[in-house]
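Please read the structure below before turning to the comments.
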Ligand code: FES
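Numbering (the numbering used here), first residue to last: 1 to 289.
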């Protein structure tokens, strides 16, 4: 099912915007010749044939990376005389109808497409804009590459950390990599967090109960003192032993130490800690004389 969206935004008729539920409508057409596989992203020599894939799809999302993506697409397309399809995806939550009006998202899409058109214009190229409203943008992107006989799909990735601090590829890029039958170029954003010092809290390992040495628990999710089983959360707050129902022996949380994060000329971070001792057995933190 496809419903015009660009017209809502005042784009000239004839340009494509659609709402897709399932596969691209063009994919329902049968009988076309199987495209030749390209060994290069776009085969300029054999690209004259009607069945050779030569076009470029670039996914935009409205962030700063779009300029880079569209510029990249234009550079490739210019050399190979390819068409550039700029696609903005609006994912519709299951609780809404697939063709539900989503004005904020649609306006954001219009702005992103407009900016993409301006970037292309500066390079004396025209784009084919598309706003696709669907349940799954990754699937829609893959369908677009097939429908427009594309040799190349360009997808941008904001830098994002998943659980455990590992880079999170995200659903759209992951789906495109697994399912697109053309080249996929991923352009990942810089890790902006590299420029900001990491936030660090340092605690003394001396137990505020009677002064034994606190250790990291076997689960890695708490600190424990082996002497009288005082437990502490990772933020140093005292935690009772819930399983055994015992009240914590710790009269206060772990004692935080003053610390500073510094960076050397090579860009490596380290932590400088001002070590101090505090009186055990008190409910408040009192520096030892
Ligand atoms: S010394 Fe740590 S719990 Fe008693």
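The C-beta atom is built at its ideal place from N, Cα and C for all residues, glycine as well.
In this structure, how does DSSP classify residue i when only helix, strand and coil are distinguished?
{"i": "residue 216", "result": "strand"}
{"i": "residue 201", "result": "coil"}
{"i": "residue 74", "result": "helix"}
{"i": "residue 138", "result": "helix"}
{"i": "residue 257", "result": "strand"}
{"i": "residue 222", "result": "strand"}
{"i": "residue 272", "result": "strand"}
{"i": "residue 65", "result": "helix"}
{"i": "residue 143", "result": "helix"}
{"i": "residue 80", "result": "helix"}
Using DSSP's beta-bridge definition, name the partner residues of residue i.
{"i": "residue 171", "result": "According to DSSP, residue 171 bridges with nothing at all."}
{"i": "residue 59", "result": "87"}
{"i": "residue 231", "result": "224 and 239"}
{"i": "residue 206", "result": "213"}
{"i": "residue 287", "result": "278"}
{"i": "residue 309", "result": "This structure cannot speak to residue 309, because the chain is shown only from 1 to 289."}
Taking the beta strand (DSSP E) that residue i belongs to, which residues open and close that run?
{"i": "residue 128", "result": "127 to 134"}
{"i": "residue 156", "result": "150 to 157"}
{"i": "residue 187", "result": "183 to 188"}
Below 8 Å on the Cβ atoms is my contact criterion, and I expect residue i with residue j to pass it. Report the Cβ-Cβ distance as a whole number of Å.
{"i": "residue 255", "j": "residue 204", "result": "5 Å"}
{"i": "residue 253", "j": "residue 232", "result": "6 Å"}
{"i": "residue 150", "j": "residue 55", "result": "5 Å"}
{"i": "residue 84", "j": "residue 120", "result": "7 Å"}
{"i": "residue 153", "j": "residue 180", "result": "5 Å"}
Taking the alpha helix (DSSP H) that residue i falls in, what are its first and last residues?
{"i": "residue 110", "result": "103 to 122"}
| query | Counting pairs of Cβ atoms below 8 Å between the segment 216 to 224 and the segment 85 to 103, do you hit three or more? | reply | No: fewer than three Cβ pairs fall under 8 Å.
| request: Please determine if the segment 55 to 67 and the segment 151 to 160 are in contact, where contact requires at least 3 C-beta pairs separated by less than 8 Å. | output: When C-beta atoms of the segment 55 to 67 are compared with those of the segment 151 to 160, three or more pairs fall below 8 Å, so the two segments count as touching.
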